[in-house]
Amino acid sequence: EKGNYRHFMQKEIFEQPTVVAQTLRSYLRPGEQRVALPQIDFDISAINRVTIVACGTSYYAGMVAKYWFEQFARVPVDIDFASEFRYREPVLPDGGLALFISQSGETADTLAALRHCRTQGQIIAAVVNVPTSSMAREADLLLPTHAGPEIGVASTKAFTCQLAVLAALAAHLAVKKGLLNHREEAIIVDHLLEAPACLNAALDHDEEIASMAHLIAPARDVLYLGRGADFPLALEGALKLKEISYIHAEGYASGEMKHGPIALIDDKVPVIVLAPSGPLFEKTVSNMQEVQARGGKVVLISDKAGIEQAGEDCMAVIEMPKVHPLIAPLVYAVPVQLLAYHVAVAKGTDVDQPRNLAKSVTVE
Ligand code: F6R
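Offset between the sequence shown (1-based) and full-length UniProt numbering: plus 243.
Now the structure itself:
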């Protein structure tokens with residue numbers, strides 16, 4: 244079943260261009276250059292608040308979606324870990340949209356949160372990879388990801404497919420709210436359609452990333468930094484590394500470094516910086532220089548322009564294609580997945596079945 248791959252996780256990382264394309268096919272009409280969601284029997288343009296609930300990697304996909312929904316559709320978003328959601332007694336607006344994100348569709352806390360929202364009169368939408376799961380059955384609006392079965396315990400292709408669906412949903416909401424005209428919608432559709440090719444371009448760096456594994460494998464701690472919609476990718480990168488290589492890793496919003504974590508920096512703590520070039524790039528570069536001034540060793544993941552501008556004093560650089568901000572989180576997921584994968588392989592840990600973890604967490 245693994246074909247030519249050594250691990251399911253590796254196979255699933257490499258399937259991303261195909262499964263993201265497959266997922267996008269059911270949310271876009273390329274001929275008309277339109278976003279097209281499944282049949283919706285409520286007025287989506289009336290939604291004025293979205294509550295997102297999920298766990299783990301699916302939660303990070305939700306964090307990215309918060310940036311997109313707010314930026315493109317101007318809809319305020321609340322997001323919680325499912326294990327926190329019910330217990331904080333959230334205030335939910337009448338007829339609000341509650342959005343649950345789950346690969347398995349069975350995660351106990353997320354399912355309990357969904358049922359709680361049902362009793363609170365929310366419209367229930369679910370982004371789910373297993374179409375026969377409890378969450379898929381109980382949702383008013385089912386938004387399937389078409390990632391196919393994910394076997395590796397660490398989620399990879401399900402995450403990028405979740406992002407693809409959420410990007411289409413954000414664009415759809417923006418269109419319905421009159422915030423994108425047809426021309427702007429067409430541009431977004433074109434960018435989304437470029438995602439599979441950009442994922443392939445990111446995967447081309449596999450060998451180069453494998454050759455960097457020895458720089459990270461001896462570390463006791465690793466930090467990941469990102470800004471804006473790429474901040475959740477820093478969290479996701481840190482989670483992937485922790486899960487499969489057992490190296491302690493944390494993700495921070497780049498600007499938060501100086502508020503405490505910078506105290507950890509010395510020449511033994513690699514810092515992975517996720518920073519596509521763009522309006523916020525300069526700010527991230529100055530955060531990066533603060534790290535370097537304290538002996539920190541930086542791995543910069545950016546595009547050509549970003550690397551030309553700031554790559555010089557880095558321990559290593561990984562060049563991503565230049566992409567639209569709406570697809571950057573999908574594309575930047577690849578290098579952090581590959582880095583975690585190759586570090587784990589270098590350390591000889593069980594990549595597909597990391598200790599203490601289960602694929603589907605059905606207890607609270
Ligand atoms: C991380 C990982 C977990 C899951 C989390 C939620 O690699 O796989 O953090 O993302 O347990 O699972 P689902 O998405 O099935 O609800």
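Using N, Cα and C, we set each Cβ at its ideal position, and we do this for glycine too. What you are looking at is a predicted structure, and each value in this text was computed from that prediction instead of being measured.
Can you have a look at residue i and say buried or exposed, based on whether 16 or more other CB atoms are within 10 angstroms of its CB?
i: Pro578; result: buried
i: Lys511; result: exposed
i: Arg470; result: buried
i: Thr294; result: buried
i: Gln365; result: buried
i: Pro387; result: buried
Would residue i and residue j qualify as a contact pair, given that the criterion is a beta-carbon distance under 8 Å?
i: Asp352; j: Cys298; result: yes
i: Ile487; j: Val594; result: yes
i: Leu357; j: Glu381; result: yes
i: Ser347; j: Ser376; result: yes
i: Leu468; j: Val514; result: yes
i: Val586; j: Leu446; result: no
i: Val278; j: His415; result: yes
i: Ser603; j: Glu428; result: no
i: Ala369; j: Ala355; result: no
i: Leu442; j: Val320; result: no
i: Ser301; j: Ile344; result: yes
The ligand F6R and residue i: does any heavy atom of the ligand fall closer than 7 Å to the residue's C-beta?
i: Glu486; result: yes
i: Gln596; result: no
i: Ala492; result: no
i: Leu482; result: yes
i: Gln346; result: yes
i: Cys360; result: no
i: Thr403; result: no
i: Ser529; result: no
i: Thr353; result: yes
i: Val396; result: yes
Pop quiz: residue i and residue j are said to be a contact at Cβ under 8 Å. What is the actual Cβ separation, rounded to whole angstroms?
i: Ala304; j: Leu406; result: 6 Å
i: Ile490; j: Ala462; result: 6 Å
i: Ala571; j: Ala472; result: 7 Å
i: Pro475; j: Met306; result: 4 Å
i: Val465; j: Ala492; result: 4 Å
Please determine if the region 339-349 and the region 276-293 are in contact, where contact requires at least 3 C-beta pairs separated by less than 8 Å. The region 339-349 is in contact with the region 276-293.
Taking 8 Å as the threshold, find out whether the region 553-564 comes into contact with the region 532-543 through three or more Cβ pairs. With a cut-off of 8 Å on Cβ pairs, the region 553-564 is in contact with the region 532-543, counting three or more such pairs.
Just checking, does the region 564-578 make contact with the region 437-447 on the three C-beta pairs under 8 Å criterion? Judged by Cβ distances under 8 Å, the region 564-578 makes contact with the region 437-447, as three or more pairs qualify.
Can you find at least 3 beta carbon pairs, one from the region 306-322 and one from the region 409-427, that sit closer than 8 Å? Output reads yes: the region 409-427 touches the region 306-322.
Taking 8 Å as the cut-off, does the region 397-415 touch the region 256-275 (at least 3 CB pairs, one atom from each stretch)? Yes: the two stretches touch, three or more of their Cβ pairs being nearer than 8 Å.
Does the structure place the region 448-463 close enough to the region 264-276 that three or more beta carbon pairs sit under 8 Å? Result no; under three Cβ-Cβ pairs closer than 8 Å.
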